[in-house]
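Input: a single structure, listed below in structure tokens.
Chains as they are written, first to last, in my numbering: chain A, 1484 to 1773; chain B, 531 to 629.
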């Protein structure tokens, strides 16, 4: 391996995880496009590499969230029973798909998520306001998630936030799909998991991000096993990306705790838009140099 | 000011230590591997890098195992079952990948 590829792989890891962990994502949404478009890696190898970097990113970010006790470990474990099964299935599906189909799927998924975020942005603001979380705890519709109820200390609000978890069975079913998508696209799954936990299961966005970062590493491990089995994970390609991912995640996780939720949501929405546009162009058959 | 119960404090502490030491060991080995590879270009340097990555990917599995031990100590049957299920799925995946 020459020095240029070593540094460029490390740079992809750093950039991807810095942006990713600031948004509570695994960074995979950035790794895969950068590895395929900038470094010309085959998409299957890019996804395999991304999954291992996502594990590094998740471990670093979630250790910070766990120290701050933002993570709902029980909810994360419960949803992982679905996500790990999905991830193994997704890995096998990816192995039989051709590169253009996988690339197209990556683009279509991001467009879909971007569109749903625009439509539901108002709803997120309602769901994550403190007034709403206080009302939620007395709401009878949240009883099914009583055993998953949790609380955390919100540094930016300077108080303890208590919440219940709604629609647990639906959340489990969606986690299965998120597991498949995560492994299929190498994205970790935060970009889908966080809106699901926030909008459907009614977790405060901060708890949703922390719980997601804990889950992502376990899901990505299940997916990475299948990619390794198919020969898509090369240690010497993965290692520099992983080191970059670690450094980026460490900085990103420190920043996320100091930012207010509303700013995070705005960044989250803007990044989704930019990615959706880039992926649309990339998926088109026109000779656009992206 | 912390919001979690004392039982959860133990689990949070275990997971924090596991995740931090897992990533630290992994990074040290990978960096050591790269330095040795840069100097000697030897095959064993690649093995050190691979070992570092193996430790990285095993860290989430270890965190699930520790959560399982915690739930066993709490006699929380639902979560003992849940964590055993995840450990089984992950071990199955690893056996598939490595054997």
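Backbone N, C-alpha and C fix where the C-beta goes; we use that ideal spot for every residue, glycine too. No experiment lies behind these values; they were computed from the predicted model shown.
*Examine chain B for any beta-carbon lying closer than 8 Å to the beta-carbon of residue 1725(A), and answer yes or no.*
yes
*In terms of alpha-carbon separation, which member of 1730(A), 1733(A) and 1722(A) lies closest to residue 1488(A)?*
1722(A)
_Spatially closest choice to residue 1734(A) from 1498(A), 1583(A), 1645(A) and 1680(A), by CA coordinates_ = 1498(A)
*List the endpoints of the continuous alpha helix (DSSP H) containing residue 609(B).*
607 to 628
_Distance between residue 1524(A) and residue 1641(A) (C-alpha atoms, nearest Å)_ = 46 Å
*Just by C-beta distance, which residues in the segment 587 to 602 of chain B are closer than 7 Å to chain A?*
587, 589, 590, 591, 594 and 597
_Proximity test, Cβ basis, 8 Å: residue 534(B) and chain A_ = Model confidence at residue 534(B) stands at a pLDDT of 48, short of 50, so the residue's coordinates are unreliable; what they give is reported in the following sentence. Yes, residue 534(B) counts as interfacial toward chain A.
*So residue 587(B) packs on residue 1701(A), CB below 8 Å; how close in whole Å?*
About 11 Å separates the two Cβ atoms, so there is no contact after all.
_Proximal residues of chain B, C-beta to C-beta of residue 1557(A) below 8 Å_ = 609
*In three-state terms, what does DSSP make of residue 1653(A)?*
helix
*asked:* With H, G and I counted as helix, E and B as strand and the rest as coil, what does DSSP make of residue 1715(A)?
replied: coil
*How is the alpha helix (DSSP H) around residue 1512(A) delimited, first residue to last?*
1511 to 1516
_Residue closest to residue 1556(A), alpha-carbon to alpha-carbon, out of 1521(A), 1699(A), 1643(A) and 1518(A)_ = 1699(A)
*Quick one: give me the first and last residue of the alpha helix (DSSP H) that residue 1564(A) is part of.*
1556 to 1579
*Leaving out five residues on either side along the sequence, give the residues of the same chain with a beta carbon under 6 Å from the beta carbon of residue 1636(A).*
1643
_According to DSSP, is residue 572(B) part of a helix, a strand, or is it coil?_
coil
*Look up residue 1722(A) in the DSSP assignment and say whether it is helix, strand or coil.*
helix
*Quick one: give me the first and last residue of the alpha helix (DSSP H) that residue 1535(A) is part of.*
1526 to 1550
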